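Colleague: Got a structure for you, written out below as structure tokens; questions coming shortly.
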Amino acid sequence: MTDAQTDVITTKTFFRLPPESDATPLSPDEFEHRFLQAQADTVRAFPNHPLIPDEVRDDQEKARRYFGVWQMNHSFFAKMFPSYLMNIAAKCPYQDVRREILHDCWDEEVSDPDADGMCHIEVLYYDSRQLGITREEAEAFEPTPVFMACMHALDNLSRTLSWQGGYAAVGGLESIRVAVKRGYLDKGEFEGPWAASANTVEKLCGIPHGSLMNAGLHQAKDQLHGGGVLDILKKYATTREIQEESFWAIRTARSFRVITTREQIRLARAAIGLPADELVVT
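Residues 1486 to 1767 (our numbering) are what the sequence shown spells out, left to right.
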């Protein structure tokens, strides 16, 4: 038997626009502002990077192992990311959207002229090799349950949301660099103690300047592809429900990525003998 009270019980594991919400669509510029602000707010609410351990600062061999394991484990996301994008392309009817997705996937899985012709997954292997991680070790490493849960959760968003919501969740992750460039958050807020990124890592590891490619490459490529995602969402996220779904999607997806980054750091700590039996996610 049901009544007015029990009929309104809903699950919170997927997006649903509250019935009292304003249905008036936001303008494209206001939508873009809210989208970038949602990313920035999520990063600030869910800080990403702890301090670099003293053991890493004081020992180049440990530094290479620490950052090598961190980089190696990023490949779990990098290998899945094009599949998420293709889930969205498969259900999107617009050629301009599919074209942008295919350009992104070409860089990720085939060849990027800005990476000496390597695809982005190969760039990760290249950087890991500079830090002492062989391709064989990287391929043999098993994803932890935390990685599995987050990777499948992102896959679920790309499949179950509207194509706009899925693109906001997955493609929208690349727009974090647009948010940084436009001042929605500082680079240090996003990258923490690694704000100098490749330069810092190379110095700590005692390898020549310019040895690492991935960080600098993605600072540029995320601005390029992230800007493309924003242009598409401004064009096609034209109802208030789709717009609000997009904000929910990017907040959720960014939170998953924070968790996987923390898991990368936890495993990097374990690789050099530091305590690493807890993953703090709040």
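We put the CB at the ideal spot given by N, CA and C, even for glycine.
Bear in mind the structure is a predicted one, so any value in this text is a computation, not a measurement.
1. Using 8 Å as the cut-off, can you tell me whether the segment 1552 to 1561 makes contact with the segment 1577 to 1590, which would need three or more C-beta pairs spanning the two stretches below that distance?
2. State the start and end residues of the unbroken alpha helix (DSSP H) segment that holds residue 1516.
3. Hey, quick one: how far does the alpha helix (DSSP H) through residue 1745 stretch, first residue to last?
4. Is it the case that the CB of residue 1728 approaches a heavy atom of the ligand MN more closely than 7 Å?
5. DSSP on residue 1667, reduced to helix/strand/coil?
6. If contact is defined by three or more beta carbon pairs under 8 Å, each pair taking one atom from either stretch, is the segment 1627 to 1639 in contact with the segment 1682 to 1692?
7. Let me make sure I understand the geometry here. Which of 1589, 1643 and 1524 has the alpha-carbon closest to that of residue 1572?
8. Within the same chain, show all residues whose beta-carbon is closer than 7 Å to that of residue 1659, passing over the 5 residues directly before and after it, in chain order.
9. For residue 1749, count neighbouring C-beta atoms within 10 Å of its own C-beta (all shown protein chains included) and say buried if the count is 16 or more, exposed if not.
10. Look at residue 1561 and residue 1743 and say whether their C-beta atoms are less than 8 Å apart.
11. Roughly how many angstroms separate the alpha carbons of residue 1704 and residue 1662, rounded to a whole number?
12. For residue 1587, which residues in the same chain have their Cβ closer than 8 Å to its Cβ, ignoring the five residues on either side in sequence?
13. Would you report the Cα separation of residue 1692 and residue 1513, rounded to the nearest angstrom?
14. Could you say which of 1557, 1583 and 1558 lies nearest to residue 1569 if we only look at CA atoms?
15. For the alpha helix (DSSP H) containing residue 1618, list its first residue and its last residue.
16. Using a 10 Å radius around the Cβ and a threshold of 16 neighbouring Cβ atoms, would you call residue 1619 buried or exposed?
17. Is the Cβ-Cβ distance between residue 1725 and residue 1510 less than 8 Å?
18. Are at least three pairs of beta-carbons, each pair with one atom in the segment 1588 to 1601 and one in the segment 1731 to 1747, less than 8 Å apart?
19. Looking at the structure shown, is residue 1537 part of a helix, part of a strand, or coil, going by DSSP?
20. Alpha carbon to alpha carbon, how far is residue 1597 from residue 1731? Give it in angstroms, no decimals.
21. Is DSSP giving residue 1681 helix, strand or coil here?
22. Could you tell me the distance, in whole angstroms, from the CA atom of residue 1564 to the CA atom of residue 1503?
23. Note down, one range per segment and in chain order, each alpha helix (DSSP H) of at least 4 residues found wholly within the segment 1587 to 1642.
24. So, residue 1538 versus residue 1759, is the Cβ gap smaller than 8 Å?
Modeller: The short version:
1. no
2. Taking the sequence shown and counting its residues from 1, the one referred to as residue 1516 is at position 31. Residue 1516 -> alpha helix (DSSP H) spans 1513 to 1530.
3. Position 260 of the sequence shown, counted from the start, is the residue given in the question as residue 1745. Its alpha helix (DSSP H) spans residues 1725 to 1756.
4. Absence of the ligand MN from the depicted structure is noted, as is the absence of any ligand whatsoever, leaving it without description.
5. Counted from its first residue, the sequence shown places residue 1667 at position 182. Here residue 1667 sits in coil by DSSP.
6. no
7. Residue mapping note: residue 1572 aligns to position 87 of the sequence shown, counting from 1. If we check each option's Cα against that of residue 1572, 1643 comes out closest.
8. Here residue 1659 is taken as the residue at index 174 of the sequence shown, counted from 1. Once the five neighbours on either side are set aside, the close Cβ partners of residue 1659 are 1707, 1710, 1711 and 1714.
9. Here residue 1749 is taken as the residue at index 264 of the sequence shown, counted from 1. Classification of residue 1749: buried, given that the 10 Å Cβ count is 16 or more.
10. Residue numbering aside, residue 1561 sits at position 76 when the sequence shown is read from its first letter. Residue numbering aside, residue 1743 sits at position 258 when the sequence shown is read from its first letter. The answer is no: Cβ separation not under 8 Å.
11. Your numbering for residue 1704 matches position 219 in the sequence shown. Your numbering for residue 1662 matches position 177 in the sequence shown. Near 6 Å, if we compare the C-alpha coordinates of residue 1662 and residue 1704.
12. Position 102 of the sequence shown holds residue 1587. Around residue 1587: 1574.
13. The count along the sequence shown starts at 1 and reaches residue 1692 at position 207. The count along the sequence shown starts at 1 and reaches residue 1513 at position 28. Looking at the two C-alpha atoms, the distance is approximately 45 Å.
14. Mapped onto the sequence shown, residue 1569 falls at position 84. Among 1557, 1583 and 1558, the Cα nearest to that of residue 1569 belongs to 1583.
15. Here residue 1618 refers to the residue found at position 133 of the sequence shown. Looking at the DSSP string, residue 1618 is not in any alpha helix (DSSP H), and its letter there is neither H nor E.
16. On the sequence shown, residue 1619 is found 134 positions in, with the first residue counted as 1. With fewer than 16 Cβ atoms within 10 Å of its Cβ, residue 1619 is classed as exposed.
17. The residue labelled residue 1725 in the question sits at position 240 within the sequence shown. The residue labelled residue 1510 in the question sits at position 25 within the sequence shown. Result yes, Cβ atoms of residue 1725 and residue 1510 sit closer than 8 Å.
18. no
19. In the sequence shown, counting from the first residue as 1, residue 1537 sits at position 52. Coil, per DSSP.
20. As a first step, residue 1731 must be located in the sequence shown, where it is residue number 246. As a first step, residue 1597 must be located in the sequence shown, where it is residue number 112. Roughly 28 Å separates the two Cα atoms.
21. Reading the sequence shown from its first residue, position 196 is the one you call residue 1681. In this prediction, residue 1681 has a pLDDT of 48, which is less than 50 and means its spatial position is unreliable; what the coordinates show is noted afterwards. Note: residue 1681 maps to coil in three-state DSSP.
22. On the sequence shown, position 79 is the one that residue 1564 refers to. On the sequence shown, position 18 is the one that residue 1503 refers to. So the two alpha carbons sit approximately 35 Å from each other.
23. 1605 to 1615 and 1620 to 1625
24. Stepping through the sequence shown from its first residue, residue 1538 is reached at position 53. Stepping through the sequence shown from its first residue, residue 1759 is reached at position 274. Yes.
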